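Student: The numbering used here puts the first residue of the sequence shown at 153, with every later residue one more than the last. The C-beta atom is built at its ideal place from N, Cα and C for all residues, glycine as well. No experiment lies behind these values; they were computed from the predicted model shown. First the structure, which I've put down as structure tokens, then a few questions once you've had a look.
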Amino acid sequence: MKYTQLGRTGLKVSRLVLGTMNFGPQTNEADSHSIMDAALGAGVNFFDTANAYGWGANKGRTEEIIGSWFAKGGDRRDKTVLATKLYADMSLDDSPPWPNHDRLSALNIRRSVEASLRRLKTDYIDLYQFHHVDRNTPFEEIWQAIDVLVQQGKILYAGSSNFAGWHIARANETARRLGSYGLVSEQCLYNLAERRAEMEVVPAAQEYGLGVIPWSPLHGGLLGGVLRKEREGGAARSSSGRSADALANTTVRAQVQAYEDLLAKHGLEPGEAALAWLLTRPGVTGPIVGPRTAEQLESALRAVELELSEEVLASLDEIFPGPGPSPEAFAW
Numbered sequence: 153m154k155y156t157q158l159g160r161t162g163l164k165v166s167r168l169v170l171g172t173m174n175f176g177p178q179t180n181e182a183d184s185h186s187i188m189d190a191a192l193g194a195g196v197n198f199f200d201t202a203n204a205y206g207w208g209a210n211k212g213r214t215e216e217i218i219g220s221w222f223a224k225g226g227d228r229r230d231k232t233v234l235a236t237k238l239y240a241d242m243s244l245d246d247s248p249p250w251p252n253h254d255r256l257s258a259l260n261i262r263r264s265v266e267a268s269l270r271r272l273k274t275d276y277i278d279l280y281q282f283h284h285v286d287r288n289t290p291f292e293e294i295w296q297a298i299d300v301l302v303q304q305g306k307i308l309y310a311g312s313s314n315f316a317g318w319h320i321a322r323a324n325e326t327a328r329r330l331g332s333y334g335l336v337s338e339q340c341l342y343n344l345a346e347r348r349a350e351m352e353v354v355p356a357a358q359e360y361g362l363g364v365i366p367w368s369p370l371h372g373g374l375l376g377g378v379l380r381k382e383r384e385g386g387a388a389r390s391s392s393g394r395s396a397d398a399l400a401n402t403t404v405r406a407q408v409q410a411y412e413d414l415l416a417k418h419g420l421e422p423g424e425a426a427l428a429w430l431l432t433r434p435g436v437t438g439p440i441v442g443p444r445t446a447e448q449l450e451s452a453l454r455a456v457e458l459e460l461s462e463e464v465l466a467s468l469d470e471i472f473p474g475p476g477p478s479p480e481a482f483a484w
């Protein structure tokens with residue numbers, strides 16, 4: 153495994169991030185534990201989750217599975233850089249959120265971190281992330297609450313997820329004015345087929361010293377050899393979600409076919425190449441991989457050692473061109 157610093161921090165993390173969103177809904181507890189053991193054994197030390205994972209009536213279940221894994225001992229917690237998130241309403245029914253039971257008020261930050269610590273069976277969280285921007289809570293309030301948690305030793309760093317570039321700037325300028333450390337990472341939708349983050353989010357993250365953690369690196373399976381699997385009768389994931397929506401567009405479908413043809417020509421697996429491409433991008437700490445099986449984890453691990461040639465990288469840019477830098481992408 154290869155490692156890098158998380159943004160401007162001294163924290164060393166693996167170039168792959170183990171995403172746990174499938175633990176509970178798709179993967180049972182025993183298999184989830186086996187995948188985490190295999191990841192740690194392969195040197196993956198950066199695990200990502202969220203308080204809402206498990207979804208619906210099972211919100212919090214994913215954190216509980218990680219907590220039961222930590223409880224097995226064997227230095228599991230000590231070897232893991234643990235990241236979780238808050239923002240979502242955590243009520244287990246469909247009723248409207250009770251006031252102050254979601255978003256980023258100081259009250260909900262305090263309530264949410266305590267609940268996550270209980271589920272995770274740990275006394276601290278390495279990276280506590282805002283799952284979405286809260287337009288109704290000032291960053292002054294947010295940083296005051298975060299600084300208290302840091303002083304109490306309950307969290308070490310704060311990160312964002314799904315922030316725009318100007319949210320990153322505003323958050324860290326406020327932190328600077330208050331003497332707070334500010335955001336150290338941004339988790340965003342970023343992959344070959346969805347490169348809008350390159351326009352402002354990634355540059356803002358680089359300017360303020362945030363590590364970029366791409367989620368959905370295969371764009372919901374679109375970049376994982378979906379057309380080949382479709383021909384072979386095994387493209388279950390292409391029948392719904394982001395991948396299906398994209399493939400309904402004939403232009404996107406042609407792009408994906410060109411992508412798969414290019415990689416077949418060079419003897420490369422699409423999913424591994426998509427991850428390897430992200431690892432070449434400036435500012436990227438590591439993509440989040442969310443394996444449902446041990447085999448999917450093994451494939452992701454191979455991507456860390458995969459080096460794409462300049463020819464392949466240039467061809468990928470031709471198939472999936474980025475938006476270009478801001479403001480040049482939309483100005484003279």
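Scan the segment 254-298 and note each continuous beta strand (DSSP E) run of 3 residues or more that stays entirely inside, going in chain order.
Tutor: 277-282
Student: Does the Cβ of S395 have 16 or more other Cβ atoms within 10 Å, making it buried, or fewer, making it exposed?
Tutor: Here residue 395 corresponds to residue number 243 of the sequence shown, with the count starting at 1. By the 10 Å Cβ count, S395 comes out buried.
Student: Where are the beta strand (DSSP E) runs, 3 residues long or more, that stay fully inside the segment 172-217, in chain order?
Tutor: Scanning the segment 172-217 from its first residue to its last, the whole beta strand (DSSP E) runs of 3-plus residues come out as 198-200.
Student: Count the other CB atoms, across all protein chains shown, that sit within 10 Å of the CB of L399; report buried if there are 16 or more and exposed otherwise.
Tutor: If you number the sequence shown from 1, residue 399 lands on position 247. Its Cβ being crowded by 16 or more others within 10 Å, L399 is buried.
Student: Rounded to the nearest angstrom, how far is the Cβ of L238 from that of N203, given a contact under 8 Å?
Tutor: To locate residue 238, count along the sequence shown from 1; it is residue 86. To locate residue 203, count along the sequence shown from 1; it is residue 51. About 5 Å; that satisfies the 8 Å criterion.
Student: May I ask you to report which of helix, strand or coil DSSP gives A321?
Tutor: Within the sequence shown, the letter at position 169 stands for residue 321. Helix at A321.
Student: Return the chain-ordered list of same chain residues with a C-beta closer than 6 Å to the C-beta of L259, the five sequence neighbours on each side being excluded.
Tutor: Reading the sequence shown from its first residue, position 107 is the one you call residue 259. N252.
Student: Rounded to whole angstroms, what's the CA-CA distance from W367 to P439? Just pull it up for me.
Tutor: The count along the sequence shown starts at 1 and reaches residue 367 at position 215. The count along the sequence shown starts at 1 and reaches residue 439 at position 287. So the alpha carbons of these two residues sit roughly 6 Å apart.
Student: I'd like to know if the segment 312-323 and the segment 266-280 are in contact, where contact means that at least 3 CB-CB pairs between them fall below 8 Å.
Tutor: no
Student: Quick check on D469: buried or exposed, where buried means 16 or more other Cβ atoms within 10 Å of its Cβ?
Tutor: Within the sequence shown, residue 469 is the residue found at index 317, counting from 1. Within 10 angstroms of the beta-carbon of D469 lie fewer than 16 other beta-carbons, which makes it exposed.
Student: Check T236 in the structure and name its three-state DSSP category.
Tutor: Here the question's residue 236 lines up with position 84 in the sequence shown. T236: strand per DSSP, three-state reduction.
Student: Please state whether the Cβ-Cβ distance between I365 and Q339 is less than 7 Å.
Tutor: By 1-based counting over the sequence shown, the position of residue 365 is 213. By 1-based counting over the sequence shown, the position of residue 339 is 187. A contact, by the Cβ cut-off of 7 Å.
Student: Nearest-angstrom Cα distance between A240 and H283?
Tutor: Here residue 240 is taken as the residue at index 88 of the sequence shown, counted from 1. Here residue 283 is taken as the residue at index 131 of the sequence shown, counted from 1. Going from the Cα of A240 to the Cα of H283 covers about 8 Å.
Student: Can you list, in chain order, the residues of its chain whose CB lies under 7 Å from that of P443, leaving out five sequence neighbours each side?
Tutor: Within the sequence shown, the letter at position 291 stands for residue 443. For P443, same chain residues with a beta-carbon under 7 Å away, outside a window of 5 residues either side, are I187, L449, A452 in chain order.
Student: For V165, tell me which candidate among E215, F175, T232, D183 has the shortest Cα-Cα distance.
Tutor: Counting from 1 along the sequence shown, the entry for residue 165 is found at position 13. Nearest of E215, F175, T232, D183 to V165, Cα basis: T232.
Student: For L256, collect the residues of the same chain with a Cβ closer than 7 Å to its Cβ; drop the 5 residues on either side in sequence, then sort them by chain order.
Tutor: Your numbering for residue 256 matches position 104 in the sequence shown. The residues are Y239, F282, D286, T289, I294.
Student: Measuring only the C-alpha atoms, how far is E459 from E266?
Tutor: Along the sequence shown, read from residue 1 onward, the residue named residue 459 stands at position 307. Along the sequence shown, read from residue 1 onward, the residue named residue 266 stands at position 114. Computed Cα separation, rounded: 42 Å.
Student: Which term fits N324, buried or exposed, when burial requires 16 or more other beta carbons within 10 angstroms of its beta carbon?
Tutor: Position 172 of the sequence shown holds residue 324. When all chains shown are included, N324 counts as buried.
Student: Out of S243, W318, T201, L335, state which residue places its alpha-carbon closest to the alpha-carbon of T161.
Tutor: Walking along the sequence shown from the start, residue 161 turns up at place 9. For the residues S243, W318, T201, L335, the minimum Cα distance to T161 belongs to L335.
Student: Taking the beta strand (DSSP E) that V354 belongs to, which residues open and close that run?
Tutor: Residue 354 sits at position 202 when you count from the first residue of the sequence shown. First-last for V354: 353-359, but that is the alpha helix (DSSP H), not the beta strand (DSSP E).
Student: Spatial neighbours of F175 within its chain, please: CB distance less than 6 Å, with the 5 preceding and 5 following residues excluded, ordered by chain position.
Tutor: Reading the sequence shown from its first residue, position 23 is the one you call residue 175. The answer, listed in chain order, is S184, T214, I217.
Student: Between A455 and L427, which are expected to be in contact by the criterion C-beta below 8 Å, what is the C-beta distance as a whole number of angstroms?
Tutor: Counting from one through the sequence shown, the residue named residue 455 turns up at place 303. Counting from one through the sequence shown, the residue named residue 427 turns up at place 275. A455 to L427, Cβ: 4 Å. Contact.
Student: Please confirm whether Y280 and I307 have their CB atoms less than 7 Å apart.
Tutor: As a first step, residue 280 must be located in the sequence shown, where it is residue number 128. As a first step, residue 307 must be located in the sequence shown, where it is residue number 155. A contact, by the Cβ cut-off of 7 Å.
Student: Once the 5 residues before and after G195 are set aside, which same chain residues still bring their CB inside 7 Å of it?
Tutor: Here the question's residue 195 lines up with position 43 in the sequence shown. These residues qualify, in order along the chain: M153, S166.
Student: For the ligand FMN, any of its heavy atoms closer than 6 Å to the Cβ of V196?
Tutor: The ligand FMN is absent from the structure shown, which contains no ligand whatsoever.
Student: Use the C-beta contact count for R328: other C-beta atoms within 10 angstroms, 16 or more gives buried, fewer gives exposed.
Tutor: Against the sequence shown, residue 328 aligns to sequence position 176. By the 10 Å Cβ count, R328 comes out exposed.
Student: What separation, rounded to the nearest whole angstrom, lies between the Cα atoms of G305 and A316?
Tutor: Here residue 305 is taken as the residue at index 153 of the sequence shown, counted from 1. Here residue 316 is taken as the residue at index 164 of the sequence shown, counted from 1. Rounded to the nearest angstrom, the two C-alpha atoms are 29 Å apart.
Student: Roughly how many angstroms separate the alpha carbons of P479 and M351, rounded to a whole number?
Tutor: To locate residue 479, count along the sequence shown from 1; it is residue 327. To locate residue 351, count along the sequence shown from 1; it is residue 199. Rounded to the nearest angstrom, the two C-alpha atoms are 8 Å apart.
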